[in-house]
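One structure is given here, and the rest of the page talks about it.
Number of protein chains: 2
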Amino acid sequence: MNVSAALAPRAPHRAPAPQVSREPEGVRLIGMTTHVARDQEVFGEGEPADHVYKVVRGAVRGFRVLSDGRRQICDFYLPGDIFGIERGADHTITAEALTGAILVVARRSNLSHDGSSTMARSLWDLAMIELGRSHDHALTLGRRSAGERVARFLVDMADRIGDGEGVELPMSRQDIADYLGLTIETVSRTLTQLQVSGLIRLTGCRSIHLRNPRALAELCA
Amino acid sequence: MNVSAALAPRAPHRAPAPQVSREPEGVRLIGMTTHVARDQEVFGEGEPADHVYKVVRGAVRGFRVLSDGRRQICDFYLPGDIFGIERGADHTITAEALTGAILVVARRSNLSHDGSSTMARSLWDLAMIELGRSHDHALTLGRRSAGERVARFLVDMADRIGDGEGVELPMSRQDIADYLGLTIETVSRTLTQLQVSGLIRLTGCRSIHLRNPRALAELCA
DNA sequence: CGGCACCTTGAGTATCCTCAAGAGAGGTGG
DNA sequence: CCACCTCTCTTGAGGATACTCAAGGTGCCG
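Those sequence lines, one after another, are chains A and B.
In this text, residue positions in the first sequence follow the numbering used here: the first is -3, and each later residue adds one.
In this text, residue positions in the second sequence follow the numbering used here: the first is -3, and each later residue adds one.
Here you go:
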């Protein structure tokens, strides 16, 4: 199911009242709030990019599938993040909810970059934030060991959705592997190794306590 | 030497007449034309991002150096490309000329994104082009073999600066290695292997003839 | 309590890296 | 014009890292 498609046919009188999302330091997005189930597609590669989305709760993965079936996850979108902005008319990646997620959906036309100055600036910031994240991702993937990649990932996640002590990962090992360009086994082994080294503690499969954030950050080089 | 620094102190009457670059389908950049020697720095990481640059001739590498000395090249800028646009006040990467290069230098303030609508749109396109390239780069670096990486690199370069038959690479093996997250030896071996397979022909160290572009493209997956 | 999906661990192997030396190309000076 | 120097690229041998294949464990949900 596609959220855009689901929203479009709705008659105006049936649509929920438009809302303004009030996430901290984010761009306000005027649109409908919708719920997406785990593993449900938000939009697919090649589909018209008519809407943009903001994560209110949950998490989303953006990825491409290569011809041989390998999946490269470009980014994870977490609460407060906006995604779905494209240069051309169509989406170049597929987006799926990692967990049940609540999204605000806005028409792309409502965000025209030659509209108000503040909106243009916000959009610009968004694009540059995404560009920065993409650069960092490339930096993570270039000639780095598995340990460095996983450490970077954990530090990044802790920054974005951590509580200062640790972080509750919304994604599976396979998702992490596809993001970091590793295999699921290597991710698992590396996490175990980080635990043995005393840098982290796995309080659950997806619940990670950072015992030594400084050392972890130094691993990131 | 830093180009920005070199330009700033010049008295107006000594400055060359501002020119408008007329590259195909690019953004017009109003500014001075300058020459940068091989391996000379255009700007450094952490320096104020007061100017943006357009490549008229030659090529530029944008990179970061990790704490242990490894260098990750984020992108190569080729004729027609604009670089140096940043989100914040400072540059997050260093830019150096690969070869002797001719650049158009424009003040960042002349490109304000809340200026004219057409300029805003052009800037937006630029940012989105760079974002697309960055995504592709991440896709190149994620769990791919050396062969796939090098093939992608060659196809990309042939698209951007090739003459339909082949491509004259402006960068060294070390630059390619730092871009693809490989070692210089692996790049060299992989190129040799592609030649043995009949996909390419090395007519010179940096002069590559694509004998079988279709097969090469299929390698990219 | 059972089933299923996810995660972990192990053994063996392939790929790529490291270290080392040799070959080409380009530039300079005699 | 040639010899020489330097820088870059290529090639080789050995070793480390991460992958593949396989089995066993853990936790969650019905």
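All C-beta atoms, glycine included, are put in the ideal place defined by N, C-alpha and C.
Quick caveat, the model's predicted, so the values are computed rather than measured.
CB contact below 7 Å: residue i versus chain A
i               : result
Q189 of chain B : no
L62 of chain B  : yes
L107 of chain B : no
S184 of chain B : no
L135 of chain B : yes
L127 of chain B : yes
Q36 of chain B  : no
H87 of chain B  : no
A222 of chain B : Only positions -3 to 217 of chain B appear in this structure, which leaves residue 222 of chain B out of reach.
Span of the beta strand (DSSP E), counted from its first residue to its last, around residue i
i               : result
D71 of chain B  : R67 to Y73
A211 of chain B : No beta strand (DSSP E) holds A211 of chain B; the alpha helix (DSSP H) holding it covers P209 to L215.
E164 of chain A : G162 to E164
A102 of chain A : A97 to R103
G27 of chain B  : I26 to V32
I204 of chain A : S203 to L206
R60 of chain A  : V56 to V61
R139 of chain A : No beta strand (DSSP E) contains R139 of chain A, which DSSP labels as neither H nor E.
R53 of chain B  : H47 to R53
Bridge-paired residues (DSSP) for residue i
i               : result
F39 of chain B  : B:A91
L198 of chain B : B:I204
I81 of chain B  : DSSP lists no partner for I81 of chain B.
D86 of chain B  : B:P44
Test: residue i CB closer than 7 Å to a CB of chain B
i               : result
E21 of chain A  : Caution applies to E21 of chain A, whose pLDDT of 48 falls short of 50 and renders its modelled position unreliable; the value that the coordinates give is listed next. Not an interface residue.
Y83 of chain A  : Correcting the residue identity first, residue 83 of chain A is Arg in this sequence and not Tyr. Closer than 7 Å: yes.
G80 of chain A  : no
A123 of chain A : yes
C201 of chain A : no
R207 of chain A : no
L25 of chain A  : no
S118 of chain A : no
A91 of chain A  : no
Q170 of chain A : no
R139 of chain A : yes
G177 of chain A : yes
A102 of chain A : no
A55 of chain A  : no
H131 of chain A : yes
A211 of chain A : no
E181 of chain A : no
I204 of chain A : no
S17 of chain A  : Because the pLDDT of S17 of chain A is 43, which lies under 50, any placement of that residue in the model is unreliable, and the number read from its coordinates should be weighed accordingly. Chain B, which has no Cβ nearer than 7 Å to the Cβ of S17 of chain A, makes this no.
7 Å Cβ cutoff met for residue i and residue j
i               : j               : result
E92 of chain A  : R57 of chain A  : yes
K50 of chain B  : I26 of chain B  : no
L99 of chain B  : T30 of chain B  : yes
T186 of chain A : G143 of chain A : yes
L198 of chain B : Q191 of chain B : yes
I196 of chain A : V183 of chain A : no
V45 of chain B  : L74 of chain B  : According to the sequence displayed, residue 45 of chain B carries Ala and not Val. Taking 7 Å as the Cβ cut-off, A45 of chain B and L74 of chain B do not qualify as a contacting pair.
Bounding residues of the alpha helix (DSSP H) (the contiguous stretch that carries residue i)
i               : result
I157 of chain A : A142 to I157
T186 of chain B : I180 to V192
R169 of chain B : R169 to L176
Integer-rounded CB distance, given that residue j should sit under 8 Å from residue i
i               : j               : result
S130 of chain A : E164 of chain A : About 25 Å; that fails the 8 Å criterion.
A217 of chain A : L62 of chain B  : 5 Å
G96 of chain B  : A33 of chain B  : 6 Å
D86 of chain A  : E37 of chain A  : Going by Cβ atoms, the distance from D86 of chain A to E37 of chain A rounds to 15 Å, so no, they are not a contact pair.
R104 of chain B : H47 of chain B  : 6 Å
G162 of chain B : H205 of chain B : 4 Å
G40 of chain B  : T90 of chain B  : 5 Å
Q150 of chain B : L212 of chain B : In the sequence on display, residue 150 of chain B carries Leu and not Gln. With 8 Å as the limit, L150 of chain B and L212 of chain B qualify as a contact, their Cβ atoms being about 6 Å apart.
D174 of chain A : F72 of chain A  : Actually they do not touch by this definition, with Cβ atoms about 11 Å apart.
L135 of chain B : G138 of chain A : Wrong, their Cβ atoms sit about 13 Å apart, outside the cutoff.
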